[in-house]
Each structure stands twice: as C-alpha cells, then as structure tokens.
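Here it is, written out as structure tokens:
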C-alpha cells in the first residue's frame, strides 16, 4: 500500500510517521490454514528434519561440554600431581645434598685425623 492510501483510510496519522507504523494498526490476519493441502505442509518434513538435527547437535554439544569439563578437571589434577612431585623432588635433592655434605665432612675429618697420626 502507498503512503497516500494509508493516510486516506487512517492507517497512519497525517503528521507523517513511517509506513512501518501502519503494521501495528492493520487488522489481525487469520492464522494460516493447518491441514492437508496447506502451503506450509511442503515444509513439514524439512521442519521435522531440522528439529531432529537440532536435537542431535544439542546432544553433541552437551557431550563436548561435558568432555571439556572432564578434561579441565583432569588437567588440574595432573598439575597438582606434578607440583607435588616437584616438591618431593626438591626435598629429595635437599636430603641428598645434606648426605653429600655429611660424607664430605666425614672424609675431611678422617683425612685430617690420618695426617695427625
């Protein structure tokens, strides 16, 4: 419909709002026919297929998100285990260093005691 036609039958006010305002004042349209032979029936199988694919995609995305969450938890646990191993390795190194120093000190004392005799 043209702007003049909409103005003539009261579709939009004379002060000139956009033609999109006329959409709100048009009389309600009857719902599309539902049943055999309706034009929308051509899309019925496509709609069913789309719904099936959507549900499958939703299921796959749910599994992917669950897997990501499990992988994150696994990585956190692995990082904690690695950190604990590093702490244990540092403690082992410290004990080994103390043992080496004790052996060196004992060797030094024995060597000096052997020279004194």
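Residue numbers (the numbering used here): 20 to 136. Positions of the beta carbon are idealized from the N, C-alpha and C atoms, including for glycine.
Query	Result
Distance, residue 125 Cα to residue 114 Cα	16 Å
Spatial distance of residue 61 from residue 83 (CA atoms)	34 Å
Euclidean distance between Cα positions of residue 93 and residue 102	14 Å
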